[in-house]
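Here's the structure, in structure tokens; my notes come after.
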Amino acid sequence: MTSPLLSRAEATAYGPFPSPAPHTDAELTALLGLVASPGARISTVVVGHGRDAASRAAAAAFIGEWRALGRLPVLAVVDWPESAASWLRAAGRFTAGEPDAWVVAAAPLGWAQMSRRLRHSTGWDPARTYGFAALGDSRVPALAGRTTLQGMRGADADGGTWTVDRGWVVQLLTGPPAPRATTHRHGTL
37 MTSPLLSRAE ATAYGPFPSP APHTDAELTA LLGLVASPGA RISTVVVGHG
87 RDAASRAAAA AFIGEWRALG RLPVLAVVDW PESAASWLRA AGRFTAGEPD
137 AWVVAAAPLG WAQMSRRLRH STGWDPARTY GFAALGDSRV PALAGRTTLQ
187 GMRGADADGG TWTVDRGWVV QLLTGPPAPR ATTHRHGTL
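In terms of the working numbering, the sequence shown is residues 37 to 225.
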């Protein structure tokens with residue numbers, strides 16, 4: 037059995053990733069819209085996050101808003117380092133409660149490593165996984181492996197949404213529509 041860990045060369049192949057930016061209100065609203073939509077049929081979640089400040093804050097904000105919607109429970113909150121020997125312990129905790137969905141706030145490289153471990157060692161389903169904006173970068177599925185993140189969805193900082201399809205992050209919405217000028221029709225009835 038081969039290790040799911042990225043080699044040093046693979047981890048640096050796409051250049052350095054920026055640190056996750058603080059989440060925006062539009063991003064959080066869009067992410068909640070994806071997870072809490074009636075068609076999603078999600079009642080239980082596990083929230084996972086990297087150990088950087090922006091990821092911790094985004095995870096805490098999601099949990100607070102999820103609970104404010106009356107959507108309990110959050111089965112677990114799991115964190116992981118940006119680099120580790122295997123991520124096996126975190127992966128086991130992330131999938132232990134068999135939630136309806138997983139919500140992720142993390143730096144791209146750490147999430148790529150964690151998702152590789154999840155696919156290799158657990159029954160985790162990326163199509164039931166939702167991420168914050170930092171993960172909406174096509175370099176993430178490239179690092180994780182072309183099919184590792186298939187179906188994962190998330191929100192952009194501007195409130196748009198994305199999905200991973202065949203190894204690419206595909207933008208679904210670009211945010212709220214621009215205001216349109218109101219036109220008044222004048223005429224006879």
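The C-beta atom is built at its ideal place from N, Cα and C for all residues, glycine as well.
Cα-Cα separation between P135 and L111, rounded to whole angstroms: 7 Å
Which stretch, first to last residue, makes up the alpha helix (DSSP H) that contains W147? 144-157
Kindly identify the DSSP beta-bridge partner or partners of D115. H85
Using only CA atoms, which one of R107, L42, D192, Y50 lies nearest to A72? R107
In whole angstroms, what is the alpha-carbon distance linking G128 and Q186? 20 Å
Pick out whichever of P56, A96, L105 has its Cα sitting closest to the Cα of S79. L105
Which partner residues does A163 have in the DSSP bridge list? In DSSP, A163 forms no bridge with anything.
I'd like to check one pair, S55 with A90: are the Cβ atoms closer than 9 Å? yes
In the DSSP output, which residue or residues are listed as bridge partners for D173? Its beta-bridge partners do not exist; DSSP assigns none.
Where does W102 sit, in a helix, a strand or coil, going by DSSP? helix
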